[in-house]
Each structure stands twice: as structure tokens, then as C-alpha cells.
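*Asks:*
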Amino acid sequence: MSVMITLEMPIKSEKLEEYLGIMKQALVDTRNYKGCESVETYVEKEKSVVCLVERWNSVEDQKAYMAWRMETGLLEALGPYLDGELVNRFFDIHADV
0 MSVMITLEMP
10 IKSEKLEEYL
20 GIMKQALVDT
30 RNYKGCESVE
40 TYVEKEKSVV
50 CLVERWNSVE
60 DQKAYMAWRM
70 ETGLLEALGP
80 YLDGELVNRF
90 FDIHADV
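Mapping to numbering that gives the first Met the number 0: the sequence shown position 59 is 58, numbers consecutive.
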């Protein structure tokens, strides 16, 4: 069963555009990763928050992806851009409701 996952990332306002450029390239690999159905990016410029809305075949697929991102060093490289804690939420999809 598919799941929807949101990831909210507070970004230092002076680094927002640079961060979006990095994410544009990184999300190409995300969208091609096993189990990824879709990823949409939303930006709240006033508060400098980037929100990814992801749809995955399963939580396990997304967790495998995150482990891979840790191995590649991308998450560590993004650290200097962050301006607070990440907020990650997992949702079951109830299309029949």
C-alpha cells in the first residue's frame, strides 16, 4: 500500500535559492529510486521552509532510500543550509474516504 510522506525543512533564508538548486539535482535521483512514485516540492518563502510531499510504494522503500542518502553524504552536506529541525511525517493513504 502506498504511503505519503512529508518532510519540512527550515532553510537559512540567505541560502534558500542555492539550496533549491541542490535539491533540484538531488531529486532526479530520488524520483528514480526504487519505490518512489512521486515527489513534489513546495516552498514557503516568507518563512524559508521547503516541504517535500513524497509518495512511496511502502515505508520500507522510503527508509531504504533515506539510508542510501545517508551513505552518499547528501544529508550531511545539506546540514549547513538548515535553520532548525526537520519535521518528517508518514501518512497512510485513504483514497476511499
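No residue lacks a Cβ here, since even glycine has one placed at the ideal position from N, Cα and C.
Using the Cα positions of Met0 and Gly34, report the straight-line distance between them to the nearest angstrom.
*Replies:* One-based indexing of the sequence shown puts residue 0 at position 1. One-based indexing of the sequence shown puts residue 34 at position 35. CA-to-CA, the gap between Met0 and Gly34 works out to about 11 Å.
*Asks:* With DSSP collapsed to three states, give me the class of Asn87.
*Replies:* To locate residue 87, count along the sequence shown from 1; it is residue 88. Assigned with DSSP and collapsed to three states, Asn87 falls in strand.
*Asks:* By DSSP, does Tyr80 sit in helix, in strand, or in coil?
*Replies:* Numbered from 1 along the sequence shown, position 81 holds the residue referred to as residue 80. Tyr80: helix per DSSP, three-state reduction.
*Asks:* Can you give me the Cβ contacts of Ile10 inside the same chain, cut-off strictly under 8 Å, excluding the 5 residues immediately before and after it?
*Replies:* To locate residue 10, count along the sequence shown from 1; it is residue 11. For Ile10, where only same-chain residues beyond five positions count, the Cβ hits under 8 Å are Tyr18, Ser47, Val48, Val49, Tyr80, Leu81 and Asp82.
*Asks:* Quick check on DSSP: helix, strand or coil for Val96?
*Replies:* As a working mapping, residue 96 is identified with position 97 in the sequence shown. Coil, per DSSP.
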